[in-house]
Amino acid sequence: MKFAVISFPGSNCDWDMYYAINDALGQEADMVRSDETNLDQYDGVLIPGGFSYGDYLRSGAIARFAPAMQAVKKMAEAGKPVLGVCNGFQILVEAGLLPGSLQNNTSMEFISDWAPLKVVNNQTMFTNGYAKDETITIPIAHGEGNYYCDDETLKQLQANHQIVFTYEDNPNGSRNNIAGVTNQAGNVLGMMPHPERAVESILGGTDGLTLFKSILNQVRS
Amino acid sequence: MYLAKIYVTHKPSILDPQGEAVKNALHRLNYTSIESISQGKFFEVNINADSKEAAIKVVESICKDLLVNQNMETYSYEVEEG
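So the protein sequences, as listed, match chains Y and V. Taken in order, the first sequence gives residues 1 to 221; the numbers are from the UniProt record's numbering. Taken in order, the second sequence gives residues 1 to 82; the numbers are from the UniProt record's numbering.
In structure tokens, the structure reads:
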């Protein structure tokens, strides 16, 4: 599989994502500038964490207008896997590819830690390698990771099984402990925790690698 | 030329942790009469438009396109000839 990692001005987890695919997963990833308009040669796209455009205005609000996001939308519509992590999640909600929004952590502190997550839905292209309700441990590092959606959206998310990961110990105040959600079709996943930082034991854990392997499983089956 | 002053604040139903943090700090300074604080964003925008109505249209449009996340924020504005 060939992935594009979109690098925005201010992205700082782009190389982590690049190495996770090229070194740990053994597949191919290219670093692609956010002003690229054509992603047709890629099988999937990864929107990394960081502080795109300095997080000015709101996290992700300016990045959604980058030329590459039009191509990302096209890939999402085509059913290809689109993964947004941390700032990538914030960009995907601002772009309207995922419901809800991310607001400041209730503690008003930036949190950098390992977070236990529950795999609520293991029937997605991103989670088929996990067991249902399995607890996995993935690093988090964010100041605006508090997921919010209104009552009606929450009902839809629950009814469509779009809530994929929840926090075991809600660190940021997210509604219903939500740590990651997909779109209705299930091919766009946004999550605040960083699976690309948990792909080798030397990093402290490998629970994140299973997510990337799940994408491969899906494509091969 | 018109000057628009745009105020963006959290919807009342949304937790405003920044406002809460500032309120707590003021309480620690003994400003006990402070009941609540909301922290938002303020934009001053100069708009080259033929009429106030045309300027207001631009303001509405930029709020919806970029300045406001309508999931969690709300906005108000004043437009004056500048």
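Ideal placement from N, C-alpha and C gives every residue a C-beta, glycine not left out.
- Residue environment: Y:GLN123 is assigned as exposed (fewer than 16 neighbouring CB atoms within 10 Å of its CB, all protein chains considered).
- Around the C-beta of Y:GLY204, fewer than 16 other C-beta atoms lie within 10 Å, and the residue is accordingly described as exposed.
- Residue range 2-10 is occupied by the beta strand (DSSP E) that includes V:ALA4.
- Residue pairing from DSSP places Y:TRP114 in a beta bridge opposite Y:PRO139.
- For the pair Y:THR210 and Y:TYR130, the Cα-to-Cα distance works out to about 7 Å.
- Taking the C-beta atoms as reference points, Y:ASN121 is found no nearer than 7 Å to Y:GLY145.
- For Y:ARG58, the nearest beta carbon of chain V is closer than 7 Å to its own beta carbon.
- In the DSSP assignment, Y:TYR19 falls within the unbroken alpha helix (DSSP H) covering 14-19.
- Only residues of its own chain outside the window of five on either side were considered, and among them VAL120, LEU157, ILE178, VAL181 have a CB closer than 6 Å to the CB of Y:ILE163, listed in chain order.
- Taking 8 Å as the cut-off between beta carbons, the residues of the stretch 99-132 of chain Y near chain V are GLY100, SER101, GLN103, ASN104, ASN105, THR106, SER107, MET108, in sequence order.
- Residue pairing of Y:GLN103 in beta bridges, as defined by DSSP: Y:ASN146.
- The Cβ-Cβ distance between Y:ALA141 and Y:SER112 falls below 7 Å.
- Counting only the Cα atoms, V:SER36 lies some 12 Å from V:ALA25.
- Distance check between Y:ASP16 and each of Y:SER34, Y:THR127, Y:ASN183, Y:PRO48 places Y:PRO48 closest, using alpha-carbon atoms only.
- Per DSSP, the beta bridge partners of Y:GLY180 are Y:PHE165, Y:MET191.
- Annotated three-state conformation of Y:ASN87 is helix, per DSSP.
- DSSP places Y:VAL199 outside both helix and strand once states are collapsed to three, so it counts as coil.
- Within chain V, LEU66, LEU67, ASN69 have C-beta atoms less than 9 Å from the C-beta of Y:ALA61, given in sequence order.
- Contact annotation for Y:GLY49 against chain V: no contact, minimum CB-CB distance about 19 Å [criterion: below 8 Å].
- A contact is defined here as three or more CB-CB pairs under 8 Å, and the stretch 39-55 of chain V meets this definition with respect to the stretch 8-21 of chain V.
- The stretch 96-106 of chain Y and the stretch 18-38 of chain Y do not touch, with fewer than three beta-carbon pairs separated by less than 8 Å.
- Between the stretch 46-59 of chain V and the stretch 180-196 of chain Y, the count of C-beta pairs closer than 8 Å stays below three; the two stretches do not touch.
- Annotation: Y:TYR42 has no Cβ neighbours in chain V at a cutoff of 9 Å; minimum Cβ distance is about 28 Å.
- For V:PRO12, the closest Cβ of chain Y is not nearer than 7 Å.
- Cβ contact annotation for Y:SER174 (same chain, cutoff 6 Å, sequence separation greater than five): ASN146, TYR147, in chain order.
- By the C-beta density criterion, V:ARG28 is exposed, having fewer than 16 other C-beta atoms within 10 angstroms.
- Around the beta-carbon of V:MET1, fewer than 16 other beta-carbon atoms lie within 10 Å, marking it exposed.
- Taking C-beta atoms as the reference points, Y:ILE6 and Y:VAL32 count as a pair closer than 7 Å.
- Between Y:LEU216 and Y:LEU98, the alpha-carbon positions lie close to 22 Å from each other.
- Within a 10 Å sphere around the beta-carbon of Y:MET108 sit fewer than 16 other beta-carbons, which makes this residue exposed.
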